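My numbering numbers the first residue of the sequence shown as 157 and each following residue consecutively. We put the beta carbon where it would ideally sit given N, CA and C, even for glycine. Computed from a predicted structure; not experimentally measured. See below for the structure under consideration.
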Amino acid sequence: MEGTILTNVRDLPIGVSAIVNKITGQGATRRRLMDMGITKGTAIYVRKVAPLGDPIQVMVRGYELSIRKKDAEMIEVTFGEGK
157 MEGTILTNVR DLPIGVSAIV NKITGQGATR RRLMDMGITK GTAIYVRKVA PLGDPIQVMV
217 RGYELSIRKK DAEMIEVTFG EGK
């Protein structure tokens, strides 16, 4: 299953790790996500999802980050270890 399934962070279930494949957003939103450490090849782990689904709490580069659902849709990921 390694490296075969493409999805976005919004669709990942809680407790699943994935590798960032690309950020599809444009302009300031894309830049902000990259400034927070979400770049191609980075591992991302979904820790929690708020009761109404927004925001999503993820672990990136050893710290916890909360991102909006619409921003999480812009982050394409691949399942697998990818190391």
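Option nearest residue i by Cα separation, candidates the options
i, options, result
"residue 229", "181, 173, 196 and 216", "181"
"residue 211", "225, 199 and 220", "225"
"residue 218", "193, 170, 163 and 232", "193"
"residue 235", "183, 184, 191 and 198", "198"
Length of the line joining the Cα atoms of residue i and residue j
i, j, result
"residue 189", "residue 195", "8 Å"
"residue 205", "residue 186", "21 Å"
"residue 178", "residue 172", "18 Å"
"residue 161", "residue 213", "21 Å"
"residue 215", "residue 201", "5 Å"
"residue 183", "residue 231", "14 Å"
"residue 170", "residue 207", "12 Å"
"residue 165", "residue 233", "7 Å"
"residue 243", "residue 209", "Nothing in the structure corresponds to residue 243, since the chain is present only between 157 and 239."
Host beta strand (DSSP E) of residue i (start-end)
i, result
"residue 190", "Unbroken run through residue 190 is the alpha helix (DSSP H), 183-191; no beta strand (DSSP E)."
"residue 174", "173-179"
"residue 226", "Taken as a continuous stretch (DSSP letters only), residue 226 belongs to no beta strand (DSSP E), being part of the alpha helix (DSSP H) at 225-228."
"residue 203", "199-205"
"residue 231", "231-235"
"residue 162", "162-164"
"residue 212", "212-216"
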